[in-house]
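Number of protein chains: 2
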Amino acid sequence: MFDDAYYMRQALQEAQKAKEQDEVPVGCVVVSDGRIVAKSHNLTQTLNDVTAHAEMQAITAAANYLGGKYLRNCTMYITLEPCTMCAGALSWSQITRVVYGAQDPSRGYQNFGLSLHPKTTVQGGVLQEECSELLLDFFRSKR
Amino acid sequence: MFDDAYYMRQALQEAQKAKEQDEVPVGCVVVSDGRIVAKSHNLTQTLNDVTAHAEMQAITAAANYLGGKYLRNCTMYITLEPCTMCAGALSWSQITRVVYGAQDPSRGYQNFGLSLHPKTTVQGGVLQEECSELLLDFFRSKR
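If you read the protein sequences in the order shown, they are chains R and L. So for the first sequence, the numbering used here puts the first residue at 1; every next one is plus one. So for the second sequence, the numbering used here puts the first residue at 1001; every next one is plus one.
Below, the structure written as structure tokens:
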């Protein structure tokens, strides 16, 4: 039951909260030893801060909770492929695993030829349709 | 008098504060209409947070001060070339100009083939020797 899809559903709930605040709907959770140690969603509009992506907040919160700045033995579940800023932050964190839902072909870090820390494994496409649909609905509603 | 070297000296003073806190000595200031609207220095160890680079804090602080998330008509002076995380954040901010001191040939964003926002102009090498020397002294003292 506590599989990748389970945790991605928690990240989707966070993304839904972002949508309700009229933020681009991206959410994430950080899991350590099977427990969620941080949850967050995009808050760039609300906080007036381009750095307030879901991942950035979750890295800070998880490190604070765990008492160390490196997120070893942690997995981050994100509804969207990270951008270059968030990929850079994830690299510094030396996180063990990153799982994302939707691809971001233009602004995702992979489009810029970047990779995460050598110790980090990455998996994309978990609940991809749900994650993409939430984003597409949001952008369609803005046109 | 209020030239690039002047503002870089303010950034160097910030870097010096980082050094006094046993942090990797990187500092920065953000200037808007000739006034310094944000100052910060690296706090990753103190805050136990890999995202607490000088630039990230300064972007948040400047946006907060200016009341808008985009740093148009702003220049950031940083003692070291930004990493990929900070370059990503600077890109999102659409900052007008970035001036840095020392090159970072391994972890600087240019080593990864990244560039900042198309609207952003970049100049490196301002007070390069002073900026580099502060970093080299710090790392030598750690060996």
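In this text, a Cβ means the ideal position worked out from N, Cα and C, and glycines have one as well.
Is R/Cys83 helix, strand or coil when you go by DSSP? coil
Residues that DSSP places opposite L/His1041 in a beta bridge = L/Gly1027
Here's the rule: buried if 16 or more other CB atoms are within 10 angstroms of the residue's CB, otherwise exposed. What is R/Gln57? buried
Q) Taking three-plus beta-carbon pairs below 8 Å as touching, is the segment 59-71 of chain R in contact with the segment 1108-1118 of chain L? A) no
What in chain C is Cβ-close to L/Asn1048, meaning under 8 Å?
The structure shown contains no chain C; its protein chains are R and L.
Can you give me the Cβ contacts of R/Ala18 inside the same chain, cut-off strictly under 8 Å, excluding the 5 residues immediately before and after it? Val24, Pro25, Val26, Gly27, His41, Asn42, Leu43, Ala54
Exercise. Measure the C-alpha to C-alpha separation of R/Arg35 and L/Gly1088 and round it to an integer number of angstroms.
Key: 30 Å
Quiz prompt | Coarse secondary structure for R/Thr120, derived from DSSP in three states | solution = coil
task = Name the residue from L/Thr1120, L/Ser1132, L/Met1001 whose alpha carbon lies nearest to the alpha carbon of L/Ser1091.
result = L/Thr1120
Interface residues of chain R around L/Ala1087 at Cβ under 9 Å? Thr84, Met85, Gly88
| Between the segment 1094-1118 of chain L and chain R, which residues of the former have a C-beta closer than 7 Å to a C-beta of the latter? | Phe1112, Gly1113, Leu1114
| At a Cβ threshold of 8 Å, is L/Ile1059 touching chain R? | yes
* Quick one: what does DSSP say L/Tyr1007 is sitting in, helix, strand or coil? -> helix
Would L/Gln1016 and L/Lys1039 qualify as a contact pair, given that the criterion is a beta-carbon distance under 8 Å? no
- Leaving aside the five residues before and after R/Tyr100 along the sequence, list all residues of the same chain whose C-beta is less than 6 Å from its C-beta, in chain order. Ile78, Glu81, Gly124
DSSP-derived helix/strand/coil call for L/Ser1032:
strand
With a cut-off of 8 Å, does the C-beta of R/Thr120 fall near any C-beta of chain L?
-> no
Is any beta-carbon of chain L found at less than 8 Å from that of R/Thr51?
-> yes
List in chain order: all unbroken beta strand (DSSP E) runs of 3+ residues lying wholly within the segment 53-113 of chain R.
74-80, 97-102
When burial is assigned at 16 or more other CB atoms within 10 Å of the CB, is R/Thr75 buried or exposed? buried
**Report entry** Under the three-state DSSP convention, the category L/Leu1047 falls into
**Finding:** helix
request  = Using the Cα positions of L/Val1029 and L/Gln1013, report the straight-line distance between them to the nearest angstrom.
outcome  = 10 Å
**Asked** Mind pulling the chain R residues with CB within less than 9 Å of L/Thr1044?
**Response** Lys69, Trp92
* Asked: R/Met8 CB to nearest chain L CB: under 8 Å?
  -> no
Do the CB positions of R/Asp49 and L/Lys1069 come within less than 8 Å of each other?
-> yes
Along the alpha helix (DSSP H) that carries L/Ser1115, what are the first and last residues, could you check?
No alpha helix (DSSP H) holds L/Ser1115; DSSP gives it neither H nor E.
Selection from R/Ser32, R/Asp4, R/Gly67, R/Glu20 that minimises the alpha carbon distance to R/Asp137: R/Glu20
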